[in-house]
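All you need for this note's numbering is the position in the sequence shown, starting with 1, plus 4. For each residue, glycine too, the CB sits at the ideal point set by N, CA and C. As the structure is a computational prediction, the values presented were derived from the model and not from experiment. One structure below.
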Amino acid sequence: KLSKTDVQYLLRTISSTLRKNTVFTGAVYICTEDVFPNKRLQQLIEQLPKLRNDVPSEVMQKIKFGNRIFVEHAADLDTFHECITKRLSLLLSRGMVRLIIIDSIAALFRCEFSATDSLPKAKYLQRFGANFTD
């Protein structure tokens, strides 16, 4: 489950680029089990100007933080593979995201493989990991 702290970390990571004078990009959150808690995220986005007193409030008010968070749901390995090879690759190639959160990749493997399937699990992990190197 996505906790309040997790969502705050997500928002803080996105907003920290304001202080570093870097290109302002977004984040991808890939859910594999539960539905993304969008209502909770919206509550925290509303509170973000109060949480970031190091950034001028007029700057915080202008930024649409929700527009920079991309949420995907991948309930099985095939959907996850499609997500990271097509949609995520596109966002990365366009420089639209710099943070990727997968919650949780272990859940995909618990559902798809038994405890004795270590070789196929390792091959899938290696295949997925290859998509994140560059």
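{"Asked": "Spatial distance of V59 from I105 (CA atoms)", "Found": "25 Å"}
{"Asked": "As assigned by DSSP and simplified to three states, the class of E62", "Found": "helix"}
{"Asked": "Span separating the alpha-carbon of L22 from that of F132", "Found": "Because the pLDDT of L22 is 49, which lies under 50, any placement of that residue in the model is unreliable, and the question is left without a value."}
{"Asked": "8 Å Cβ shell around S93 - same chain, five flanking residues per side excluded", "Found": "N135"}
{"Asked": "Range covered by the alpha helix (DSSP H) that runs through F74", "Found": "Counting along the chain, F74 falls outside any alpha helix (DSSP H), though it belongs to the beta strand (DSSP E) covering I73 to H77."}
{"Asked": "Supposed close pair D82, C35 - CB separation, criterion 8 Å", "Found": "Actually they do not touch by this definition, with Cβ atoms about 16 Å apart."}
{"Asked": "Counted within 10 angstroms of its Cβ, other Cβ atoms place E76 as buried (16 or more) or exposed", "Found": "buried"}
{"Asked": "Beta carbon of V32 nearer than 9 Å to that of I67", "Found": "no"}
{"Asked": "Integer-rounded CB distance, given that K127 should sit under 8 Å from F113", "Found": "Contact doesn't hold; Cβ gap of about 11 Å is too wide."}
{"Asked": "Same chain only: Cβ atoms within 8 Å of S61, ignoring 5 sequence neighbours per side", "Found": "P53"}
{"Asked": "Limits of the alpha helix (DSSP H) - the one that R44 falls within", "Found": "N42 to L55"}
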